[in-house]
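Trainee: Next up is a structure, given as structure tokens.
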Amino acid sequence: MTPAILVTFSSRTGATERLALAAAVGAVQARGNIRLRRLPDGGQDGRTGEISEAAERMTKEYVSPSGDDVLWADGLVFCPSTGSGGAWTGYLDLLGRMSAGGKLDGKIAAVVAPATGSEAVLSASILRLGFIVLPPSPAAPAAPAEDAGDAIDAIDAIDAAQVQGRRLAMLVRALDGKTPTWGEAHRLR
Amino acid sequence: MTILIRKSAERGYADRGWLQSWHSFSFGDYQDPRHMGFRVLRVLNEDVIAPGRGFGPHGHRDMEILTYMLAGKLRHRDSMGEERTLGENEVQAMSAGTGVVHSEFNASAAEPSHSVQIWIEPASEDVAPAYRQIAFGSGEKRGRLRLLAAPHANDPAAATIHQDARLYVTEVAPGDVVTATLLPGRHAWVQVLRGEVLLGEGRLGRGDGAAISGEPQIPIRGEGEVLLFDLP
């Protein structure tokens with residue numbers, strides 16, 4: 059099977075976009091098909107308050123994730139930027155409705171995020187949606203915050219995102235659609 | 340000369356509103372088992388992209404991807420950190436290798452872009468991803484074959500690709516004869532970008548392609564611009 063990996067991110071300056079791209083490259087390295095989606099979050103630069111050139115470009119280049127994207131995906135990567143909680147509300151609501159309808163059963167999720175607690179917050183939300191969650195590698199370094207700008211180019215953070223994308227696609231392939239559903243688990247009493 | 344002509348009008352066609360694309364070989368929703376490529380040439384698409392529009396970030400693996408501009412400019416960004424604009428008389432060669440994510444957008448907000456995208460199967464998998472962009476003077480393709488891409492190209496004026504294939508461009512005028520020489524066992528694909536040319540007895544118009552085998556010499560006459568692939 060060819061793993062279908064949906065990478066969704068929020069980014070105002072383009073910094074978290076680089077992490078998302080790295081995760082997507084990792085999935086492609088593991089011979090996955092990818093879709094990259096961005097959540098609109100106003101695009102204001104954290105330091106200047108102005109709409110950044112990067113945000114204008116990203117608004118043009120990316121579309122928002124849809125329910126069809128989620129259905130298509132075997133694995134989902136979440137890349138939240140610092141302080142972007144509001145941008146994720148609508149998407150998490152969509153996932154919540156899909157989860158209630160059993161549409162996320164068996165899908166695997168991973169979080170790649172700057173090191174400001176957004177990873178933990180989003181991971182907790184994802185856990186409640188019923189995904190099988192792939193934790194970060196124990197050796198993965200924490201990525202700097204979105205507002206750290208170019209610092210997010212740190213090779214280690216980019217590498218860690220790439221490894222996580224690769225790992226997710228490899229896991230999807232290894233399981234080959236055999237992930238247990240909640241229904242199956244409930245029947246095993 | 341053994342020539343199999345692929346007429347322009349018989350190519351696959353896709354219209355997405357912002358994109359008009361003609362496929363010489365099976366691609367996307369256009370699938371025809373009779374046209375899956377020629378030798379190691381797998382994709383040959385002619386794309387017209389609306390102003391400001393383009394292909395959002397998407398992934399490639401194990402493919403040599405070349406883009407040649409006919410008109411306008413394309414803006415390229417990729418996961419290797421390359422941000423470049425490609426214009427006329429330039430060729431872009433990207434080795435996807437172990438994996439690349441890139442986007443391509445028409446750099447103009449006013450004019451459509453017109454380009455040809457080519458995918459060549461690499462000789463080996465898992466090469467390191469790479470990006471090259473070559474520019475040349477318009478006079479360099481007039482009345483001669485201008486090498487655009489080759490394996491292990493030592494010439495900085497040509498892009499290196501990971502396949503034993505060569506891509507040339509030529510522009511012929513009335514009275515010109517540009518002759519390509521093929522070594523034994525080699526094959527050629529000719530794609531007419533503009534005008535009308537003669538290949539032996541075969542007449543090719545804009546958008547037509549031709550597969551040629553078993554011919555040591557390919558004389559190109561007429562008036563137009565042509566891509567020529569020398570293939571294993």
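Protein sequence lines correspond, in order, to chains A and B. Here the first sequence stands for residues 59 to 247, numbered as in the numbering used here. Here the second sequence stands for residues 340 to 571, numbered as in the numbering used here. For each residue, glycine too, the CB sits at the ideal point set by N, CA and C.
(1) Between G438(B) and chain A, is any beta-carbon pair separated by less than 8 angstroms?
(2) How about the segment 413-424 of chain B and the segment 474-483 of chain B: do they share at least three Cβ pairs that are nearer than 8 angstroms?
(3) Quick check on DSSP: helix, strand or coil for H415(B)?
(4) What is the C-beta distance between E429(B) and H501(B), in whole angstroms, given that I count them as a contact (C-beta under 8 angstroms)?
(5) Taking 7 angstroms as the cut-off, is the C-beta of L521(B) nearer than that to any heavy atom in the ligand HEM?
(6) Once DSSP output is grouped into helix, strand and coil, what is the label at H501(B)?
(7) Closer than 9 angstroms by beta-carbon distance: list the chain B residues that pair up with Y149(A), in chain order.
(8) Tell me F67(A)'s beta-bridge partners as DSSP assigns them.
(9) What's the call for G188(A), buried or exposed, on a 16-neighbour Cβ count within 10 Å?
(10) Where do the N-terminal and C-terminal ends of the alpha helix (DSSP H) with T117(A) fall, by residue?
(11) Quick one: using the 10 Å Cβ neighbour count with 16 as the cut-off for buried, is E564(B) buried or exposed?
(12) Can you give me the start and stop residues for the beta strand (DSSP E) that S360(B) sits inside?
(13) What is the residue span of the beta strand (DSSP E) that Q370(B) lies within?
(14) Near G546(B), which residues of its chain fall below 6 angstroms by C-beta distance, leaving aside the five closest residues on each side in sequence?
(15) Verify the CB distance criterion: does L396(B) have a CB-CB separation below 8 angstroms to chain A?
(16) Quick one: list the residues of chain A neighbouring F568(B), beta-carbon separation under 9 angstroms, in chain order.
(17) Along the chain, where does the beta strand (DSSP E) that runs through D386(B) open and close?
(18) With a threshold of 8 angstroms, are at least 3 pairs of Cβ atoms found where one atom belongs to the segment 384-402 of chain B and the other to the segment 441-452 of chain B?
(19) Measuring only between beta-carbons, confirm whether R155(A) sits less than 8 angstroms from chain B.
(20) Confirm, please, whether the CB-CB distance from L134(A) to F64(A) is below 8 angstroms.
(21) Among T60(A), S142(A), L129(A), S69(A), whose alpha-carbon lies nearest the alpha-carbon of A50(A)?
(22) Name, going along the chain, the residues of the segment 113-141 of chain A whose beta-carbon falls closer than 9 angstroms to a beta-carbon of chain B.
(23) Does the beta carbon of V86(A) sit closer than 8 angstroms to a beta carbon anywhere in chain B?
(24) What residues match up with E422(B) in a beta bridge as DSSP calls it?
(25) With distances taken from CA atoms, which of R505(B), S454(B), R471(B), G548(B) is nearest V536(B)?
(26) Would you list, in sequence order, the uninterrupted beta strand (DSSP E) runs of no fewer than 3 residues that lie entirely inside the segment 513-562 of chain B?
(27) Does DSSP classify R471(B) as helix, strand or coil?
(28) Starting from F366(B), find everything on chain A with Cβ-Cβ shorter than 7 angstroms and list it in chain order.
(29) If you measure from the beta carbon of F444(B) to each beta carbon in chain A, is any gap under 8 angstroms?
Mentor: Short version:
(1) As a working note, residue 438(B) is residue 99 in the second sequence. Closer than 8 angstroms to some Cβ of chain A, the Cβ of G438(B) qualifies, so yes.
(2) Counting Cβ pairs under 8 angstroms, fewer than three are found: no touch.
(3) Within the second sequence, the letter at position 76 stands for residue 415(B). Reduced to three states, the DSSP call for H415(B) is strand.
(4) As a working note, residue 429(B) is residue 90 in the second sequence. As a working note, residue 501(B) is residue 162 in the second sequence. 20 angstroms between Cβ atoms; not a contact.
(5) Summarising the ligand content, the structure contains no ligands, and the ligand HEM is consequently not present.
(6) As a first step, residue 501(B) must be located in the second sequence, where it is residue number 162. Looking at H501(B) - three-state DSSP - the assignment turns out to be coil, as it is neither helix nor strand.
(7) As a first step, residue 149(A) must be located in the first sequence, where it is residue number 91. Those within 9 angstroms of Y149(A) in chain B number zero; the least Cβ separation is about 18 angstroms.
(8) The count along the first sequence starts at 1 and reaches residue 67(A) at position 9. BP columns for F67(A) point to R96(A), C137(A).
(9) As a first step, residue 188(A) must be located in the first sequence, where it is residue number 130. Classification for G188(A): buried.
(10) For this step, residue 117(A) is matched to residue 59 along the first sequence. Residues 111-119.
(11) As a working note, residue 564(B) is residue 225 in the second sequence. Buried, by the Cβ-count rule.
(12) In the second sequence, residue 360(B) corresponds to position 21, counting from 1. Looking at the DSSP string, the run of the beta strand (DSSP E) that includes S360(B) is 358-362.
(13) Sequence index remark: in the second sequence, residue 370(B) carries index 31 (1-based). Run containing Q370(B): none; DSSP gives neither H nor E here.
(14) What you label residue 546(B) is simply residue 207 of the second sequence in a count that begins at 1. These residues qualify, in order along the chain: S347.
(15) The count along the second sequence starts at 1 and reaches residue 396(B) at position 57. One detail in the question is off: residue 396(B) reads as Pro in this sequence, not Leu. For P396(B), the nearest beta carbon of chain A is closer than 8 angstroms to its own beta carbon.
(16) Within the second sequence, the letter at position 229 stands for residue 568(B). Taking the beta carbon of F568(B) as reference, no residue of chain A falls within 9 angstroms; the closest one sits roughly 26 angstroms away.
(17) By 1-based counting over the second sequence, the position of residue 386(B) is 47. 380-388 is the span of the beta strand (DSSP E), which, as asked, contains D386(B).
(18) yes
(19) By 1-based counting over the first sequence, the position of residue 155(A) is 97. The Cβ of R155(A) sits no closer than 8 angstroms to any Cβ of chain B.
(20) Residue mapping note: residue 64(A) aligns to position 6 of the first sequence, counting from 1. Residue mapping note: residue 134(A) aligns to position 76 of the first sequence, counting from 1. The sequence shown places Leu at residue 64(A), not Phe. For L64(A) and L134(A), yes; Cβs fall inside 8 angstroms.
(21) Residue numbering for chain A in the displayed model covers 59 to 247; residue 50(A) lies beyond these limits and cannot be assessed.
(22) R115, K118, E119, Y120, V121
(23) Stepping through the first sequence from its first residue, residue 86(A) is reached at position 28. Answer yes: the Cβ-Cβ gap between V86(A) and chain B drops below 8 angstroms somewhere.
(24) The residue given as residue 422(B) occupies position 83 in the second sequence. Looking at the DSSP assignment, E422(B) forms a beta bridge with R416(B).
(25) Here residue 536(B) refers to the residue found at position 197 of the second sequence. That would be G548(B), whose Cα lies nearest to the Cα of V536(B).
(26) 517-520, 526-538, 541-543, 548-552
(27) By one-based count along the second sequence, residue 471(B) stands at place 132. In the structure shown, R471(B) sits in a strand (DSSP, three-state: E or B).
(28) One-based indexing of the second sequence puts residue 366(B) at position 27. Taking a Cβ-Cβ cut-off of 7 angstroms, F366(B) has no neighbours in chain A, whose nearest Cβ is about 15 angstroms from it.
(29) Start at 1 with the first residue of the second sequence, and residue 444(B) comes out as number 105. So, interface residue.
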